[in-house]
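Trainee: According to this note's numbering, the sequence shown is numbered sequentially starting from 32.
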Amino acid sequence: MGSGKSTIGPIFANTIGFRFADLDQVIERKEGKRIGDIFAVEGEARFRAIERETLREQLASAGTVVSLGGGTVTNDETLQLVKKSGLLIYLRSDVEHIYQRLRTKSDRPMLRNDRGELLDGADLMAKITALLDARTPFYDQADIVVTTDDKKIGHTIDELVKKTAPYID
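#1: Please work out which residues of its chain come closer than 7 Å, Cβ to Cβ, to residue 118, disregarding the five sequence neighbours upstream and downstream, and give them in chain order.
#2: Cα separation between residue 171 and residue 121?
#3: For residue 183, count neighbouring Cβ atoms within 10 angstroms of its own Cβ and tell me buried if that reaches 16, exposed if not.
#4: So, with DSSP's three-state summary, where would you put residue 43?
#5: Identify every residue that forms a DSSP beta bridge with residue 134.
#6: For the structure I just gave you, are there three or more beta carbon pairs, one from the stretch 134-151 and one from the stretch 89-98, closer than 8 Å?
#7: Cutting at 8 Å between CB atoms, please list the residues of its own chain near residue 59, excluding the five before and the five after it.
#8: Determine, using beta carbons only, whether residue 46 comes closer than 8 Å to chain D.
#9: What first and last residue would you give for the beta strand (DSSP E) that runs through residue 122?
#10: So residue 98 is in the beta strand (DSSP E); what residue range does that whole segment cover?
#11: Taking DSSP as the reference, what is the three-state secondary structure of residue 107?
#12: Whole angstroms is fine: what's the gap from residue 131's alpha carbon to residue 71's?
#13: Throw me the rounded Cβ distance for the residue 125 and residue 164 pair, which I believe falls under 8 Å.
#14: Please go through the same chain and pick out, in chain order, the residues whose beta-carbon is closer than 7 Å to the beta-carbon of residue 109, but skip the five residues on each side of it.
#15: Look at residue 116 and residue 54 and say whether their C-beta atoms are less than 8 Å apart.
#16: Among residues of its own chain, excluding the 5 on either side of residue 35, which ones have a beta-carbon nearer than 8 Å to its beta-carbon?
Next up, the structure:
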């Protein structure tokens with residue numbers, strides 16, 4: 032959630048010679064709907080089921096970097112699926128950096144209020160803090176952690192390549 036994975040992921044995958052898949056984009060193509068619409072019409076539980084099945088399909092292809100949504104690994108079954116299939120990498124970012132990246136994004140269903148309105152200011156900061164607090168115990172189970180705050184993309188890629196090198200054939 033706002034850690035830079037959609038920017039860093041494709042560059043990292045290309046650098047190590049892997050294919051890149053953004054799970055949310057794959058779901059949107061497969062379902063013919065935007066993630067926000069799936070959440071709004073079918074609910075989060077249905078979205079998570081679609082997400083888990085789509086993830087299984089993506090993990091079946093070796094040599095793939097899969098960018099996960101912020102809530103993907105908050106389900107134990109999904110977390111274990113990822114950990115059994117490859118490396119789980121956590122691109123860590125603090126609340127303030129996430130806030131700065133997400134405050135202008137309108138496509139995040141988890142960052143809306145009960146009326147579907149985009150949160151802003153203190154409400155957005157509180158929501159990001161709550162989501163991060165709830166998700167961090169899952170994120171902390173990652174095999175590799177790289178902090179992205181105040182780093183140039185190239186430095187983050189270099190760190191990822193170095194930390195993943197022992198695991199890549």
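Every residue, glycine too, gets a C-beta built ideally from N, C-alpha and C.
Small disclaimer: the values here were computed from a predicted structure and weren't measured.
Mentor: Reading from the atomic positions:
#1: Here residue 118 is taken as the residue at index 87 of the sequence shown, counted from 1. Same-chain partners within the cutoff: 174, 175, 195 and 198.
#2: Start at 1 with the first residue of the sequence shown, and residue 171 comes out as number 140. Start at 1 with the first residue of the sequence shown, and residue 121 comes out as number 90. Answer to the nearest angstrom: the Cα atoms are 8 Å apart.
#3: Stepping through the sequence shown from its first residue, residue 183 is reached at position 152. With fewer than 16 other Cβ atoms within 10 Å, it is exposed.
#4: Within the sequence shown, numbered from 1, the residue matching residue 43 stands at position 12. In this structure, residue 43 counts as helix in the three-state DSSP scheme.
#5: In the sequence shown, residue 134 corresponds to position 103, counting from 1. DSSP lists no partner for residue 134.
#6: no
#7: Taking the first residue of the sequence shown as position 1, residue 59 is located at position 28. Around residue 59: 65 and 66.
#8: Reference to chain D is not applicable here, since this structure consists of a single protein chain.
#9: Numbered from 1 along the sequence shown, position 91 holds the residue referred to as residue 122. Element bounds for residue 122: 120-123.
#10: For this step, residue 98 is matched to residue 67 along the sequence shown. Where residue 98 is concerned, the enclosing beta strand (DSSP E) stretches over 95-98.
#11: Looking up residue 107 in the sequence shown gives position 76. Helix at residue 107.
#12: Locating residue 131 in the sequence shown gives position 100, counting from the first residue. Locating residue 71 in the sequence shown gives position 40, counting from the first residue. Taking the straight line from one Cα to the other gives about 25 Å.
#13: Walking along the sequence shown from the start, residue 125 turns up at place 94. Walking along the sequence shown from the start, residue 164 turns up at place 133. Residue 125 to residue 164, Cβ: 12 Å. No contact.
#14: By one-based count along the sequence shown, residue 109 stands at place 78. So the list reads 83, 86 and 103, once near-sequence residues are dropped.
#15: Here residue 116 corresponds to residue number 85 of the sequence shown, with the count starting at 1. Here residue 54 corresponds to residue number 23 of the sequence shown, with the count starting at 1. No, they are not a contact pair.
#16: Reading the sequence shown from its first residue, position 4 is the one you call residue 35. Answer for residue 35: 122, 124, 132, 179, 184 and 187, listed in chain order.
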